[in-house]
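One structure below.
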Amino acid sequence: MDSRTCEDDGDIIAKEKSDNQGGGVNSKVKGTGSVSSKDMLFRADKIDLKSLDVQLEKHLSRVWSRNLEPQRPKEEWEIDLSKLDIRHVVAHGTYGTVYRGTYDDQDVAVKLLDWGEDGIATTTETAALRASFQQEVAVWHKLDHPNVTKFVGASMGTSNLKVPIKDSDGQESFPSRACCVVVDYLAGGTLKQYLIRNRRKKLAYKVVIQLALDLSRGLSYLHSKKIVHRDVKTENMLLDTHRTLKIADFGVARVEAQNPRDMTGETGTLGYMAPEVLDGKPYNRRCDVYSFGICLWEIYCCDMPYPDLSFADVSSAVVRQNLRPEIPRCCPSSLAGIMRKCWDANPEKRPEMSEVVRMLEAIDTSKGGGMIPDDHRSPGCFCFAPARGP
């Protein structure tokens with residue numbers, strides 16, 4: 001005769017047969033496991049389906065990582081996709097979409113670029129996307145500097161990348177066959193966001209110089225490696241929790257050509273682009289120096305350059321009328337001089353970034369000199385306002 005024994009919590013019901021000779025039960029449910037798995041019944045309302053989904057997803061990811069595309073040799077920078085968990089969108093950029101995620105239990109930012117096999121992109125567009133991505137990885141994975149975002153790894157056009165179906169805006173995200181760059185996640189956000197938050201009260205002078213030094217040291221390091229970033233702007237600079245600035249987004253960076261005439265074309269963001277780039281002329285690493293000068297003004301003022309001008313007006317005025325942002329009268333002459341040198345119309349007159357670092361290191365911040373906050377400015381003649389900010 002069969003008897004049923006239930007555990008106290010009701011999660012498992014074990015079907016046991018009585019011992020005809022001893023009259024007792026062969027084993028207890030909580031025993032060492034002599035109950036056969038085929039004799040165990042599970043209550044459906046007690047099963048954590050979400051947990052099972054997660055475990056199944058990880059298992060399938062491992063299997064796919066092992067079994068798919070085995071013929072392609074693994075690059076030194078290639079990541080193990082079974083350890084990558086892509087969660088949600090944090091930013092949309094010109095050259096890809098950035099997700100928050102984890103890699104091997106480490107917080108990371110995952111930049112995705114469509115591999116171009118969705119049937120929409122043309123062959124030319126697909127080739128350009130692939131070349132851009134390969135270029136970014138080739139540049140980034142060899143870099144090691146405290147003011148450059150740390151490269152974790154990448155995956156080139158794999159078919160087993162698990163991407164969320166929709167982002168936070170409800171937009172369709174990339175197809176499964178995409179490529180990604182994985183870097184350290186920096187919780188401080190972009191430099192642009194930080195400056196916007198401080199638009200009214202401005203930054204203390206020592207903070208201005210600290211941020212400027214971080215950026216100049218990072219660029220000096222890149223230039224020492226013969227790398228031109230080509231898209232230096234405050235949106236492409238990230239901050240960690242200690243406000244240390246790190247250069248990011250090498251989507252348009254490239255190794256500097258021996259012949260400057262080999263580097264032409266409008267690459268970068270209008271407003272930060274050097275005149276020679278805007279004018280389609282040959283350029284070199286000093287286009288980054290120009291962009292740094294604009295960023296330096298932006299850091300000091302916590303404001304946008306040329307807010308009232310259209311793209312076309314900016315492009316024309318920068319090239320033909322030598323338009324530059326207006327330097328506030330409260331700006332110390334040492335810093336104003338660096339801005340003017342960096343954004344000189346003649347690339348050959350601009351300093352090297354290593355020289356900019358030395359000039360910034362020589363600035364004394366002990367007596368203040370930051371931008372005067374909006375609510376501290378005199379409503380009348382500007383000359384009666386405080387001579388120096390914080």
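Per UniProt numbering, the sequence shown runs over residues 1 to 390. Beta carbons: idealized from backbone N, C-alpha and C, even for Gly. Quick caveat: nothing in here was measured; it's all calculated off a predicted structure.
Quiz item: Short check: CB of His229 to CB of Ile247, under 8 Å?
Solution: yes
Quiz item: Would you say Pro347 and Glu276 are within 8 Å of each other, going by their C-beta atoms?
Solution: yes
Self-check item: Which of helix, strand or coil DSSP assigns to Leu84
Solution: strand
Quiz item: Helix or strand or just coil, what does DSSP make of Lys111?
Solution: strand
Quiz item: If we call anything under 8 Å between Cβ atoms a contact, is Asp288 one with Leu335?
Solution: no
Exercise. Give the straight-line distance between the Cα atoms of Gly188 and Phe292, rounded to the nearest whole angstrom.
Key: 20 Å
Practice problem: State the Cα-Cα distance for the pair Val183 and Lys281, rounded to the nearest angstrom. | Solution: 33 Å
Exercise. Please specify which runs of the alpha helix (DSSP H), each continuous and at least 4 residues long, are wholly inside the region 276 to 360, giving them in chain order.
Key: 286 to 301, 311 to 320, 333 to 342
Quiz prompt | Where the alpha helix (DSSP H) containing Ile196 begins and where it ends | solution = 191 to 197
Quiz item: Under the three-state reduction of DSSP, which class applies to Asp11: helix, strand or coil?
Solution: Confidence in Asp11 is poor, its pLDDT being 46 and thus under 50, which makes the residue's placement too unreliable to answer from.
Quiz item: Hey, out of Pro351, Val357, Lys225, whose CA is closest to Val139's CA?
Solution: Lys225
Quiz item: Which same chain residues, not among the five before or five after Ala204, have their C-beta less than 6 Å away from its C-beta?
Solution: Gly370, Pro390
Self-check item: Spatial distance of Val152 from Tyr221 (CA atoms)
Solution: 19 Å
Exercise. Can you give me the Cβ contacts of Cys301 inside the same chain, cut-off strictly under 7 Å, excluding the 5 residues immediately before and after it?
Key: Pro328, Met371
Quiz prompt | Residue range of the unbroken beta strand (DSSP E) whose run includes Lys246 | solution = 245 to 247
Exercise. Determine the direct distance from the alpha carbon of Val108 to that of Cys295, and round the result to whole angstroms.
Key: 26 Å
Quiz prompt | Run of the alpha helix (DSSP H) containing Leu203, from where it starts to where it stops | solution = No alpha helix (DSSP H) holds Leu203; DSSP gives it neither H nor E.
Quiz item: Once you ignore the five residues that flank Pro305 on each side, which residues in its own chain have a CB closer than 7 Å to its CB?
Solution: Gly271, Ile294, Trp297, Glu298, Pro325
Quiz prompt | Val208 versus Lys74: straight-line alpha-carbon distance, rounded | solution = 43 Å
Quiz item: Between the C-alpha atoms of Glu69 and Ser132, what's the straight-line distance to the nearest angstrom?
Solution: Its pLDDT being 46, under 50, Glu69 is placed unreliably in this model, and the value from its coordinates should be taken loosely. Cα-Cα distance, rounded: 22 Å.
Quiz item: Starting from Leu239 and walking both ways along the beta strand (DSSP E), at which residues does that stretch end?
Solution: 237 to 239
Quiz item: If you run the structure through DSSP and keep just helix, strand and coil, what is Glu125?
Solution: helix
Quiz item: For the candidate residues Gly337, Lys201, Lys349, whose alpha-carbon lies nearest to that of Leu360?
Solution: Gly337
Exercise. Return the CA-CA distance between Met156 and Met237, expressed in angstroms with no decimal places.
Key: 24 Å
Quiz item: How should Glu76 be labelled, buried or exposed, when 16 other C-beta atoms within 10 angstroms of its C-beta is the threshold for buried?
Solution: exposed
Practice problem: Reducing DSSP to helix, strand and coil, say where Val78 ends up. | Solution: According to the sequence as given, residue 78 is Glu; it is not Val. DSSP places Glu78 in strand when its eight states are reduced to three.
Self-check item: Beta-carbon proximity list for Ala91, same chain, < 6 Å, skipping 5 on both sides
Solution: Val98
Quiz item: So, helix, strand or coil for Trp140, using DSSP?
Solution: helix
Quiz item: From Arg197 to Thr241, what does the alpha carbon distance come to, in whole angstroms?
Solution: 15 Å
Exercise. Use the C-beta contact count for Phe311: other C-beta atoms within 10 angstroms, 16 or more gives buried, fewer gives exposed.
Key: exposed
Quiz prompt | Three-state class that DSSP yields for His242 in the structure shown | solution = coil
Exercise. With DSSP as the reference, please indicate the residues paired to Thr97 in a beta bridge.
Key: His92, Leu112
Quiz item: With 16 as the cutoff for other CB atoms within 10 Å, does Asp262 come out buried or exposed?
Solution: Low per-residue confidence applies at Asp262: pLDDT is 38, beneath 50, and the placement is therefore not dependable enough to give any value.
Self-check item: Opposing strand residues paired with Gly153 [DSSP bridges]
Solution: Val182
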